[in-house]
Structures are given as C-alpha cells and as structure tokens.
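The next block holds one structure in the form of structure tokens; read it before the comments.
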Amino acid sequence: MSSYDLVIRGGTLYDGTGAEGRRADVAVRGDRIAEVADAVAAPGATVVDAAGLAVAPGFLDVHTHDDFAALLHPEMGFKVQGGVTTVVVGNCGMGAAPWAQACGYAAAFHPGRSLPAWDGYAGYLAQLDAAPASCNVAALVGHGAVRAAVLGGDARAPSDAELDAMRAIVREGIEAGCVGLSTGLIYEPGRHARSDEIAALAGEARANGGLYATHMRDEGAGLLDSVREAIAIGERAGVPVQISHHKAAGRGSWGLVRDSLRLIDEARARGVDVTADQYPYTAASTVLAAVVSYFERSETSDGHASRVGEPPSGGERGQKGGVGQGDARDVVLSSAPNNPAWEGRSIADLAAEWSVAPLDAARRVLDAEGIAATVVIHNMSEDDVRTVMRHPTTMIGSDGLPMLHGKPHPRLYGTFARVLGTYVREQGVLPLAEAIHRMTGLSARRFGLTDRGEVRAGACADLVVFDPARIADVATYADPHHSPAGIARVFVNGTEVVRDGAHTGARPGRTLRKR
Ligand code: ZN
Ligand code: CU
C-alpha cells in the first residue's frame with residue numbers, strides 16, 4: 014500500500030455536489046485527490062486532523078476584478094485566506110487585454126503601479142504562468158476594453174469593419190482559453206453598445222462553450238428590462254448567460270428581484286441557460302466616476318428609461334433632480350489615495366463640510382482622485398439579498414475591488430465566510446451543503462472548469478478545511494482589511510497556501526483555460 018502526500022482525516026466532507034456532509038477522509042497525491050473513503054488506510058507524508066471540521070472543495074470566486082492583483086499581489090491573501098482557490102477575472106467588461114486598455118483599469122485599483130506589457134489574452138495568461146499566484150485564475154474577455162481599443166470612447170455603433178476588429182480581439186481571447194465574454198453596461202465605453210453588437214461578440218464564445226456574463230445596463234428601476242436584454246443576447250448569441258451581482262439597487266426598486274428571478278425561471282423553462290451570481294451584502298461598490306456620470310445623466314434626463322437594447326439616454330433613476338441628500342449619504346468614499354482623510358466619509362458629509370451641493374462635492378473628489386476614487390453605496394435591502402441567495406441558480410462571487418489601500422468594500426475579504434456564517438449558520442437562509450455547492454461545484458460546472466469544485470478521486474486538490482461553527486467574516490466597512498475567522502487550512506493544487514488562517518507564502522496557482 015503506497016503512501017499519500019497528504020491525508021485529511023476525520024472531517025465532515027461536503028463534496029461540492031450539494032450532497033449532505035458525511036464523515037470521510039481525503040487523500041492527495043501530487044496535485045490530485047487520490048482517494049476519498051470512510052477511512053483511508055494508507056499513511057500520508059502530511060496528515061491533517063480535521064475532527065470537528067468541515068472539508069470542502071476550495072471556493073471559486075466567479076466574479077472578481079483580480080486581473081492585475083494576481084500579478085501585482087500574487088499571494089492574493091485577501092482571497093486565499095478566505096478559502097478561495099480560484100478566481101474568475103475580467104468581469105464587468107474590464108478585461109486584461111488589449112494591454113493599453115487594461116492599464117486604464119489597473120489604474121483604478123492599483124494607482125501608481127505599472128504592469129509588464131503583454132500581447133492579448135494569450136500573453137496575459139502566459140505572464141501568470143511564468144509568475145503564478147497563490148490561487149488559480151480563469152479569465153473572461155472584457156467587452157469594455159475591446160470596444161475602447163477599436164472605438165475609443167465613441168457613443169455610436171461600430172461599422173462592419175470595426176465590428177470585425179472587435180470580433181478578432183474577442184476571438185483571440187476565446188482561443189487563448191478565456192471562459193466567455195463580460196460586459197459592463199453602466200461603464201464607459203461599454204454602455205454605448207447596443208444589444209446586436211454584444212450578441213455578435215458574445216457569439217464568439219460559442220467556439221469553446223464560453224458564456225456571456227453581464228453587469229447590466231440598469232440594476233434599479235430598469236432591472237427587468239435589463240434582465241430581458243441579457244437573456245435575449247444569450248438567446249441570439251447561442252451562449253449561456255450569467256447575470257453578474259444580481260440585485261435591485263435603490264430603495265424605489267427593492268422587491269424587483271422577485272420578478273427578475275421569475276424572468277430567469279421562465280427563460281430556463283424555455284431552454285435558455287441563465288444563472289446569476291451574488292455577493293452577500295446590502296452595499297454595492299464601484300468607481301466614483303460611474304456614479305457621477307449616472308447622477309449627471311439623471312439630472313439632465315426627461316425621466317424615461319432607455320429602451321431595451323439601446324444605450325441609455327439617461328434617466329435610469331426614473332426621476333429628475335440628480336443626487337439628493339439621501340443618495341449622497343449612502344455613497345461613502347472607499348478609496349481616495351491622494352486624500353486618505355476622505356476615506357470612510359460620505360459624499361453628503363463632504364458636501365456639508367465644503368458647503369456645496371452633493372454632486373459638486375462628488376465632482377471635486379473626482380477632480381482630485383480621478384479613476385482611483387472608489388465608493389461603497391448602501392443601496393440594497395436585506396430581504397432582497399436573501400431572496401436572491403435562496404434561488405437555486407445563484408452562485409457566489411465577491412465582486413471585491415482588490416485594493417490593499419483605503420477602505421475597500423469588505424466583500425473583498427469576507428464574501429464566502431459571510432455566506433457560511435451569517436446566512437447559513439445564523440439565519441438559515443441555505444443549508445450548509447447547498448451553500449457550499451453554490452461556491453464550488455455549481456460554479457465550476459458553470460464556468461467550464463472541469464476537475465474543480467468537487468472532492469472526488471481524480472479531481473484537482475483544491476481544498477478548504479474550516480470550522481462551520483466558527484467561520485465568520487471579520488472585515489467591516491470601517492475596518493475592512495481582515496481575513497475571515499474559522500478557516501484552518503487551504504490547499505491549491507495539493508499545496509498548502511493557508512495554515513491556521515495564515516498564508517504559507519506558496520504560489521501553486523495555475524491559469525485555467527477552456528478548450
Ligand atoms: Zn459590475
Ligand atoms: Cu464587477
């Protein structure tokens with residue numbers, strides 16, 4: 014009887030399929046799970062006593078902006094110390110190629126840092142292969158970068174030749190192994206794209222079975238039209254649809270998720286493959302520039318939402334008058350590297366101090382900080398968060414902004430632990446096995462990451478050992494830079510990256526390419 018490199022003994026195994034926890038040992042040889050049994054007889058070079066603990070596949074963070082963090086902060090402590098073993102980068106239209114456009118995104122989260130040059134998605138993935146991160150990385154092609162490379166900031170449809178040029182960029186990414194195409198339809202320049210442009214580009218993902226992931230045009234009053242557009246694009250392009258960070262934003266829109274989830278169910282019933290992801294918080298987070306342009310559009314609009322598939326003329330808020338005191342109180346600066354004293358303060362607060370209108374205060378911050386100004390926006394209802402989480406097609410993705418400075422939204426660190434602690438243990442929103450499935454097996458299958466997301470013989474040895482009675486998010490809005498409690502061990506491709514909550518320094522991550 015040969016021995017194993019690692020045996021995790023005596024834990025309760027949640028295998029990622031959604032099956033109930035059961036007492037089992039897990040044995041690893043090299044980078045693979047070699048045996049799963051009630052009791053593994055063979056010895057292990059390393060033995061982990063998991064009595065009283067849960068053993069699960071490493072978590073897949075399906076919605077991240079870690080494209081550049083994986084290179085600049087390759088230990089990725091804010092992820093792996095929270096149990097994450099794989100990140101999907103390139104969300105919300107912000108991709109890692111073309112390089113010149115990617116550098117614009119990097120400036121938002123990594124001000125002052127420069128990146129080595131690379132050529133296309135193949136070049137980006139090769140960089141990560143040469144200098145691996147501590148976790149695995151799968152990439153989406155970001156539509157915003159593609160559009161910016163061909164059309165700059167133009168608010169118009171592409172010519173046939175321009176659409177062909179955009180298609181070629183997307184195709185390069187898909188051929189390099191990207192897992193699909195993402196859009197960010199509130200952002201410049203993605204918001205100028207019509208449905209037919211997006212459907213044409215998303216169709217390129219059919220070549221390798223990739224999906225279409227979208228930060229929709231409007232997550233507020235126009236939520237339902239936005240979901241209809243996302244579904245229609247998937248249908249036209251012939252690719253699965255992933256609705257990113259599903260929510261109803263803004264008090265006037267609370268409750269709309271019941272209808273948006275019904276739209277998902279109806280589409281699925283007629284054979285359209287639609288799913289969603291979610292982070293478990295009632296606050297959103299993005300760059301201040303997007304919030305200011307949204308408020309400016311609503312200030313000048315006639316109050317009518319844009320038609321489905323059309324770039325908005327403004328007015329998604331469905332009301333005139335721009336940013337009120339109430340909105341401004343809900344928008345809190347999370348990063349202002351030139352003026353760190355502003356971090357943690359609301360736009361309303363700064364406006365009062367400066368004796369200016371909230372929109373002017375926001376513009377003043379933007380002038381001082383540019384794209385590096387990010388905000389946390391308290392705009393969701395707890396009820397809606399739970400409703401979306403209960404839906405069987407919702408998986409977990411943090412949408413964390415990977416900033417080691419400022420006060421990033423705590424979802425960067427706490428997302429998975431918060432689901433398992435707050436929503437599973439304390440509130441009983443989901444059974445533990447189901448919640449784990451939504452962050453492992455379901456996610457891996459969705460993004461075509463074969464051999465991940467499940468604990469079974471032959472699968473890659475991405476594993477997390479945690480205490481279900483103690484796991485909890487520790488990061489807060491005021492003090493976010495803390496990894497969760499209750500995570501004992503994390504293994505990536507069979508190598509230990511976290512022990513007793515601390516990073517081991519190992520960087521065994523791989524790039525995951527879809528073929
Ligand atoms: Zn987004
Ligand atoms: Cu995002």
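Under my numbering, the sequence shown has 36 at position 23, and the numbering climbs by one with no breaks.
The beta-carbon is built from N, C-alpha and C at its ideal position, and this holds for glycine as well.
Just so it is clear, the structure is predicted and the values come from calculations on it, not from any experiment.
Between Ala386 and Leu346, the beta carbon gap of about 7 Å places them in contact (Cβ cut-off 8 Å). With contacts defined by Cβ atoms closer than 9 Å, Leu26 and Ala69 form a contacting pair. By the Cβ rule, the segment 213 to 220 counts as touching the segment 176 to 191, because three or more pairs are nearer than 8 Å. Cα atoms of Glu242 and Arg207: separation of roughly 10 Å, rounded to the nearest angstrom. A check of alpha carbon separations from Arg526 across Val159, Asp464, Arg451, His76 identifies Asp464 as the nearest. Secondary structure note for His391: it is in no alpha helix (DSSP H), and the uninterrupted beta strand (DSSP E) holding it is 387 to 391. Counting along the chain, no alpha helix (DSSP H) covers His228; the unbroken beta strand (DSSP E) around it starts and ends at 224 to 228. With respect to the 9 Å criterion, Gly157 and Met107 are classified as neighbours on the basis of their beta carbons. The residue from Thr295, Glu356, Leu372, His259 with its alpha-carbon nearest to that of Glu312 is Leu372. In the displayed model, Gln140 falls within a helix according to three-state DSSP. For Phe504, there is no enclosing alpha helix (DSSP H); the residue is found in the beta strand (DSSP E) stretching over 500 to 505.
Assignment of beta-bridge partners to Gly193 by DSSP yields Leu224.
Distances between the C-beta of Thr407 and the heavy atoms of ligand 1 are all 8 Å or more. Short of 8 Å from the beta carbon of Asp51, and not among the five residues preceding or following it, lie these beta carbons of its own chain, in chain order: Arg36, Ala37, Asp38. Rounded to whole angstroms, the Cβ separation of Cys148 and Val192 is 15 Å, and the two are not in contact under 8 Å. The beta carbon of Pro493 sits closer than 6 Å to those of Lys420, Pro421, Pro423, all from its chain and outside the five residues before and after it, given in chain order.
Apart from the 5 residues on each side of it in sequence, Gly57 sits with its Cβ closer than 7 Å to the Cβ of Ser16, Tyr17, Asp18, Leu19, Val20, Ala40 in its chain, given in chain order. The beta carbons of Tyr292 and Val254 sit no closer together than 9 Å. Where Phe91 is concerned, there is no enclosing beta strand (DSSP E), although the alpha helix (DSSP H) around it starts and stops at 90 to 93.
Assigned with DSSP and collapsed to three states, Pro405 falls in coil, not helix or strand. Within the chosen limit of 8 Å, ligand 2 reaches the beta carbon of Asn104 through at least one heavy atom. Remark: the C-beta of Ser257 is in contact range of ligand 2, defined as less than 8 Å to any heavy atom.
In terms of CA proximity to Leu164, Pro202 leads the group Trp131, Val61, Ala120, Pro202. In this structure, Gly263 and Asn392 form a Cβ contact; the two beta carbons are roughly 5 Å apart against a cut-off of 8 Å. Around the CB of Glu467, 16 or more other CB atoms lie within 10 Å, so the residue is classed as buried. Measuring C-alpha to C-alpha distances from Met179 to each of Val154, Ala55, Tyr200, Ala168 identifies Val154 as the nearest. In the DSSP secondary-structure assignment, Gly155 is bridged to Ser195. Beta-carbon to beta-carbon, Lys92 and Asp74 are separated by about 6 Å, close enough to satisfy the 8 Å threshold. Relative to ligand 1, the beta carbon of His422 is positioned no closer than 8 Å to any heavy atom. Checking the 8 Å criterion, the Cβ of His76 is within range of a heavy atom belonging to ligand 2. Collapsing the DSSP output to three states places Phe81 in coil. In this structure, the C-beta of Gly357 stays at least 8 Å away from each heavy atom of ligand 2. Under the DSSP assignment, Pro371 falls in the alpha helix (DSSP H) whose first and last residues are 371 to 382. Phe72 is bridged by DSSP to Val97. Relative to the non-hydrogen atoms of ligand 1, the Cβ of Gly203 never comes closer than 8 Å to any of them.
Proximity of the segment 442 to 450 to the segment 130 to 142 falls short of the contact definition, fewer than three beta-carbon pairs being nearer than 8 Å.
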